Amino acid sequence: MVKDRRAGEIKYEWFILNRIVSIKYQCIMQIFNGTMIKGALWLALTVLVLGTGTLQVSAQQGRRHIREGNRLYHKELFDESELSYRRALESDENSPQARFNLGNSLYKQERFEEAARHFGELADEVDEPRNRSKVYHNLGNSMLMMEQVEQSIEAYKEALRNNPLDDETRYNLAFAQNLLDQMNDGQPEGGDDQQEGEEGDDRHDGQGDDEGDDRDQERDDEGTGEEGEDREQQQQQQQRPDQISPEDALRMLEAAEREEQRVQEKLMEQEEQVQRARSGRNW
Numbered sequence: 023m024v025k026d027r028r029a030g031e032i033k034y035e036w037f038i039l040n041r042i043v044s045i046k047y048q049c050i051m052q053i054f055n056g057t058m059i060k061g062a063l064w065l066a067l068t069v070l071v072l073g074t075g076t077l078q079v080s081a082q083q084g085r086r087h088i089r090e091g092n093r094l095y096h097k098e099l100f101d102e103s104e105l106s107y108r109r110a111l112e113s114d115e116n117s118p119q120a121r122f123n124l125g126n127s128l129y130k131q132e133r134f135e136e137a138a139r140h141f142g143e144l145a146d147e148v149d150e151p152r153n154r155s156k157v158y159h160n161l162g163n164s165m166l167m168m169e170q171v172e173q174s175i176e177a178y179k180e181a182l183r184n185n186p187l188d189d190e191t192r193y194n195l196a197f198a199q200n201l202l203d204q205m206n207d208g209q210p211e212g213g214d215d216q217q218e219g220e221e222g223d224d225r226h227d228g229q230g231d232d233e234g235d236d237r238d239q240e241r242d243d244e245g246t247g248e249e250g251e252d253r254e255q256q257q258q259q260q261q262r263p264d265q266i267s268p269e270d271a272l273r274m275l276e277a278a279e280r281e282e283q284r285v286q287e288k289l290m291e292q293e294e295q296v297q298r299a300r301s302g303r304n305w
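Each step along the sequence shown adds one to the number in the numbering used here, with nothing skipped, and position 5 is 27.
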């Protein structure tokens, strides 16, 4: 009897012990699972924070390169400013400020085709009307310097659609339209002479005027009868006050470009000061 009771007590103790072990195991697993979940959450949060911090550092580096590029641009070190803007784009490839300023640096280096490509791509992505107008204005300038007059006219028109009060763009548009009219008027009879005049303009040494006068004088000496009258009439038409000679057109364009550079530098300096007070960015 005693043995049976003792055996029953032992079985009961083992049953209690097993229950205790089972409960402990379940508690440990719950704690472990909870710790794993919390650990996973902490890991995700850590990655998120580190990623955000990396983006912030990258953006700060991009703004620093833009400011450095602007400083070099104001010193007319356009090739060095180009490198700074490209470094800014390595930090933020979608930065409109860096892309716009890079196009300006390329333009100042007379790499008009590259500048036009940058401005053309950027024009489709800028939403703010005034900034979009600036991009199209510079695109028009690039096209005009590549002698793509019709394309420059369309770019100037698009700039005015976004900012109708831009006097500079209106002036450049009128200049390009006048230049296109002269090209169309002179192309049938004087296409070759016009091309020679443009090549003379590229020399920038004043020889174009002298050579043009000599050619006109030779034509006057050779011209007789109806042929001479036709040439004389053509010369009179070319000398009308409402038409501009290629040399004058070039000088006007250069003067406009100098004035535009002065205005842009002033605007860039003002906006840089304002943006530096806010976030360090500038357009």
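All C-beta atoms in this analysis are idealised placements derived from N, C-alpha and C, irrespective of residue type, glycine included. In this text the structure is predicted, and so the values were computed from the model without any measurement.
What did DSSP end up calling residue i once you bin it into helix, strand or coil?
i    : result
E143 : helix
D188 : coil
M168 : coil
K97  : coil
Q239 : Note that Q239 scores 36 on pLDDT, short of 50, meaning its location in the model is unreliable; the coordinates nonetheless yield the value given after this. In this structure, Q239 counts as helix in the three-state DSSP scheme.
G219 : Since pLDDT at G219 reaches only 37, below the 50 mark, its modelled position is unreliable, and no value is offered.
L105 : helix
Taking the beta carbon of residue i as the centre, do at least 16 other beta carbons fall within 10 Å, making it buried, or is it exposed?
i    : result
D149 : exposed
Q119 : buried
V171 : buried
A137 : buried
K156 : buried
I50  : Residue placement at I50 is poorly supported in this model, since its pLDDT is 49, which falls under 50; the coordinates are not used for a value here.
E104 : buried
A177 : buried
A196 : exposed
N206 : exposed
D189 : exposed
E132 : exposed
N194 : buried
E135 : exposed
E115 : exposed
L166 : buried
Distance cutoff 9 Å, beta carbons only. Does residue i sit that close to anything in chain C?
i    : result
A196 : Given the protein chain composition of this structure (a single chain), no chain C is represented.
Would you grab the beta carbon distance between residue i and residue j for me? Rounded to a whole angstrom, and I think it's under 8 Å.
i    : j    : result
S4   : A198 : Nothing in the structure corresponds to residue 4, since the chain is present only between 23 and 305.
V123 : Y158 : The identity of residue 123 in the sequence shown is Asn, whereas the question assumes Val. With a Cβ gap of about 16 Å, N123 and Y158 do not count as contacting.
S127 : F141 : Wrong, their Cβ atoms sit about 12 Å apart, outside the cutoff.
S113 : G91  : Actually they do not touch by this definition, with Cβ atoms about 12 Å apart.
N153 : G125 : N153 to G125, Cβ: 13 Å. No contact.
L182 : T191 : 5 Å
N184 : P151 : 4 Å
*Please specify which runs of the alpha helix (DSSP H), each continuous and at least 4 residues long, are wholly inside the stretch 109-163, giving them in chain order.*
118-130 and 134-145
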